[in-house]
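S.K.: Dropping the structure in here first, questions after.
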Amino acid sequence: MGAYRADDDYDYLFKLVLIGDSGVGKSNLLSRFTRNEFSLESKSTIGVEFATRSIHVDDKVVKAQIWDTAGQERYRAITSAYYRGAVGALLVYDVTRHVTFENVERWLKELRDHTDSNIVIMLVGNKADLRHLRAVTTEDATAFAERENTFFMETSALESLNVENAFTEVLTQIHRVVSRKALDVGDDPAALPKGQTITVGKDDVSAVKKTPFRHMNVKMDSCSPIACLETTKLLEVERKLNCLRDIFAASEIDSERRVPDSVDSMVTPAMR
Numbered sequence: 135m136g137a138y139r140a141d142d143d144y145d146y147l148f149k150l151v152l153i154g155d156s157g158v159g160k161s162n163l164l165s166r167f168t169r170n171e172f173s174l175e176s177k178s179t180i181g182v183e184f185a186t187r188s189i190h191v192d193d194k195v196v197k198a199q200i201w202d203t204a205g206q207e208r209y210r211a212i213t214s215a216y217y218r219g220a221v222g223a224l225l226v227y228d229v230t231r232h233v234t235f236e237n238v239e240r241w242l243k244e245l246r247d248h249t250d251s252n253i254v255i256m257l258v259g260n261k262a263d264l265r266h267l268r269a270v271t272t273e274d275a276t277a278f279a280e281r282e283n284t285f286f287m288e289t290s291a292l293e294s295l296n297v298e299n300a301f302t303e304v305l306t307q308i309h310r311v312v313s314r315k316a317l318d319v320g321d322d323p324a325a326l327p328k329g330q331t332i333t334v335g336k337d338d339v340s341a342v343k344k345t346p347f348r349h350m351n352v353k354m355d356s357c358s359p360i361a362c363l364e365t366t367k368l369l370e371v372e373r374k375l376n377c378l379r380d381i382f383a384a385s386e387i388d389s390e391r392r393v394p395d396s397v398d399s400m401v402t403p404a405m406r
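Just so we're aligned: the sequence shown equals residues 135 to 406 in the working numbering.
So, in structure tokens, the structure goes:
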């Protein structure tokens, strides 16, 4: 699977969010997946950034719009507005910093408070290349993922280890639920117009089943049901995010400064 057709030529549009503490490597995971780039001098994200990439899943083109939310507490008021509408999430911690794993439970609660209960979630232990500095065992993370009913992979944005697999697995599971729902009601998924919302009930798919974590990969027999986004709303939010990014780039943000009124005015009502 990989980049397939022109960025504006796709069958499905899914919104994903990257969440987790500051410094765990969310931005490098995003840049590795969308641009195959890695920066050793990556700085903390200010506010929210996003990128897109289209991949080929089961003979369809799926476009992922991935939002990178800032980990700093001072930006929480901004990022919380962007959880809504997400159908997939990568919850990232740093395998060399145990505190980032301890905070995963808090991030997961916040995610579930702001999204549909059936969102597809991938727990990601990043920086797996730093084996000599490991502070979080694979067994502990696997146990947490099983308890919370999420996917789990360990990745290295530096070495491009499992990055493609993590994003692709989430997108694939979302797409399979969409396709299954369309078949249940007698529709051809390919015939569904862009922007149509497909709601999947809890009885439409079986419970998630997991196999043991092996070789830094997880296989799933099925996934939890989710709901798709309306493409038109998502594209409008994308336009507004471009405006937000321009505003942050033009002004110096510090912990005492309030979000400009022009930014507040954009976080309405489609983004709430």
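The C-beta atom is built at its ideal place from N, Cα and C for all residues, glycine as well.
#1: Mind checking residue 158: buried by the 16 CB within 10 Å criterion, or exposed?
#2: Rounded to whole angstroms, how far is the Cβ of residue 216 from the Cβ of residue 270, which I believe are closer than 8 Å?
#3: Assuming the contact rule is C-beta atoms closer than 8 Å, residue 196 and residue 143 should be a hit. Round their C-beta distance to whole Å, please.
#4: Using CA coordinates, which residue listed in 160, 313, 278 is at the minimum distance from residue 240?
#5: Quick one: is residue 243 buried, meaning 16 or more other Cβ sit within 10 Å of its Cβ, or exposed?
#6: Tell me, which residues are paired with residue 201 by DSSP?
#7: Does the segment 185-194 touch the segment 220-234, meaning 3 or more C-beta pairs lie closer than 8 Å?
#8: Relative to the C-alpha of residue 274, which residue among 266, 245, 288, 253 is closest?
#9: The beta strand (DSSP E) spanning residue 228 covers which residue range?
#10: Quick one: residues in its chain with C-beta nearer than 6 Å to the C-beta of residue 146, no 5 flanking neighbours on either side, listed in chain order?
#11: Can you check whether the CB of residue 184 is closer than 8 Å to the CB of residue 202?
#12: When we look at the beta-carbon of residue 171 and count the other beta-carbons within 10 Å, is it buried (16 or more) or exposed?
#13: Between residue 267 and residue 291, what straight-line distance do the alpha-carbon atoms span, to the nearest angstrom?
#14: In terms of residues, what are the limits of the alpha helix (DSSP H) holding residue 164?
#15: So, at 6 Å on beta carbons, what are the nonlocal neighbours of residue 198 in its own chain, with the 5 sequence-adjacent residues on each side left out?
#16: By how many angstroms is the C-alpha of residue 248 removed from the C-alpha of residue 233?
#17: Rounded to whole angstroms, what's the CA-CA distance from residue 284 to residue 254? Just pull it up for me.
#18: Ends of the beta strand (DSSP E) at residue 288?
#19: Checking the sheet assignment: what are the DSSP bridge partners for residue 190?
#20: Helix, strand or coil: how does DSSP classify residue 410 here?
#21: The beta strand (DSSP E) spanning residue 257 covers which residue range?
#22: Closer than 8 Å by C-beta to residue 169: which residues in its own chain qualify, once you throw out the five before and the five after it? Chain order, please.
#23: Applying the criterion that 16 or more other CB atoms from any shown protein chain within 10 Å of the CB defines a buried residue, is residue 174 buried or exposed?
M.R.: On the basis of the supplied data:
#1: buried
#2: Going by Cβ atoms, the distance from residue 216 to residue 270 rounds to 27 Å, so no, they are not a contact pair.
#3: Not confirmed; about 12 Å, so no contact.
#4: 278
#5: Residue 243 counts as exposed, since fewer than 16 other beta carbons sit within 10 angstroms of its beta carbon.
#6: 151, 184
#7: no
#8: 288
#9: Counting along the chain, residue 228 sits inside the beta strand (DSSP E) bounded by residues 222-228.
#10: 196
#11: yes
#12: exposed
#13: 16 Å
#14: 160-169
#15: For residue 198, where only same-chain residues beyond five positions count, the Cβ hits under 6 Å are 148, 150, 187, 305.
#16: 23 Å
#17: 7 Å
#18: 285-288
#19: 195
#20: The question about residue 410 has no answer, for the chain in this structure spans 135 to 406.
#21: 254-260
#22: 185
#23: exposed
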